[in-house]
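Below is one structure, written out as structure tokens, with a few remarks after it.
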Amino acid sequence: MLNIIIDSETTGLIMAKTKKRLEIDSFDFPSGRILAKKFEVLSKLGQGWEGEVYLVRETMTNIERAAKFFFPQRNPGNKAFKFYAQKLHKLRHCPILIQYFSQDTITYRGVPITFLVSDYIEGELLSAFINRQPGKRLSAFQGLHLLHALANGMESIHHAREYHGDLHTDNIIISRFGLSYDLKLIDMYYWKSARYENIRHDVVSLVRIFYDALGGKKHYAKQPDEVKAIICGLKSSLILKKFKTAGELREYLENMQWQ
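Spelled out as structure tokens, the structure:
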């Protein structure tokens with residue numbers, strides 16, 4: 000009988016190596032790489048706290064998709080992935096959200112990595128769109144149309160007693176604009192079960208996006224009174240006293256009176 004003794008130093012070394020293997024901060028998939036024998040990587044679209052998003056193409060159909068790869072330390076037991084997929088499925092009738100398609104798994108550095116496949120929406124981030132405008136900001140008229148499109152899209156999410164949780168200009172894609180904006184939201188935040196506070200947080204975030212799109216603090220003093228009446232000096236208590244949900248904000252915009 001052979002006895003193998005592993006001292007505490009060796010055990011600690013093994014645990015450290017395992018932890019390092021599990022902690023992944025970037026995948027850096029090169030263009031052309033084939034994943035799960037069915038997706039070809041075209042380009043990296045972005046990176047967040049939970050993982051990275053890539054533009055991929057189905058090798059069999061040539062259809063382009065967006066694939067979100069979750070960092071294993073941010074997705075223990077696939078909880079973050081399941082939350083994201085189930086939430087997208089639950090809210091599949093909300094046109095402002097990207098539609099969930101399927102899921103798959105690859106092995107990276109010996110670690111199984113789950114990824115979520117969704118529709119790919121052509122467009123640009125709201126932050127980039129705003130930076131292309133004169134003075135890197137929207138006019139009050141443009142901003143009001145943007146806010147209305149956001150509130151209208153978020154209304155169906157709030158009506159389902161759900162939330163986004165991480166609304167900002169880098170999580171919104173503009174695919175078309177003219178008299179109105181065609182918007183898509185990405186990267187919902189994982190706050191487990193939805194609570195009323197989550198919806199209230201979304202409403203304040205919508206007003207904050209409006210404020211930032213108009214140029215923020217630098218241009219706030221010169222905004223029309225009607226605009227200031229919506230922003231409320233960015234005081235959450237005043238904003239939520241007027242608008243408890245995205246639907247109330249949408250109704251206010253459609254019925255507001257200009258002096």
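Counting from 1, position 158 in the sequence shown corresponds to residue 157 in numbering that gives the first Met the number 0; the numbering is continuous, with no gaps.
No residue lacks a Cβ here, since even glycine has one placed at the ideal position from N, Cα and C.
Asked: C-alpha gap between leucine 149 and isoleucine 95, whole angstroms; Found: 8 Å
Asked: Leucine 252 - DSSP class collapsed to helix/strand/coil; Found: helix
Asked: Proximity of arginine 73 and glutamate 63 at Cβ, strictly below 8 Å; Found: no
Asked: Touch test, the stretch 169-184 against the stretch 111-125, Cβ-Cβ under 8 Å, three pairs minimum; Found: yes
Asked: Cβ distance (whole Å) where histidine 157 is taken to contact alanine 84 below 8 Å; Found: Not a contact, Cβ separation roughly 21 Å.
Asked: Own chain, CB closer than 7 Å to aspartate 282, minus 5 neighbours either side, in chain order; Found: Outside the shown range of the chain (0 to 258) lies residue 282, about which nothing can therefore be said.
Asked: Completely contained beta strand (DSSP E) runs for the stretch 170-248, where each covers 3 or more residues; Found: 171-176, 180-184
Asked: Between the CA atoms of leucine 213 and serine 126 - distance to the nearest angstrom; Found: 12 Å
Asked: Length at least 4, wholly inside the stretch 99-150: the alpha helix (DSSP H) runs in chain order; Found: 125-130
Asked: Glutamate 196 to phenylalanine 242 span [Cα, whole Å]; Found: 13 Å
Asked: Reduced DSSP category for alanine 154 - H, G, I as helix; E, B as strand; rest coil; Found: In the sequence as displayed, the identity of residue 154 is glutamate instead of alanine. Note: glutamate 154 maps to helix in three-state DSSP.
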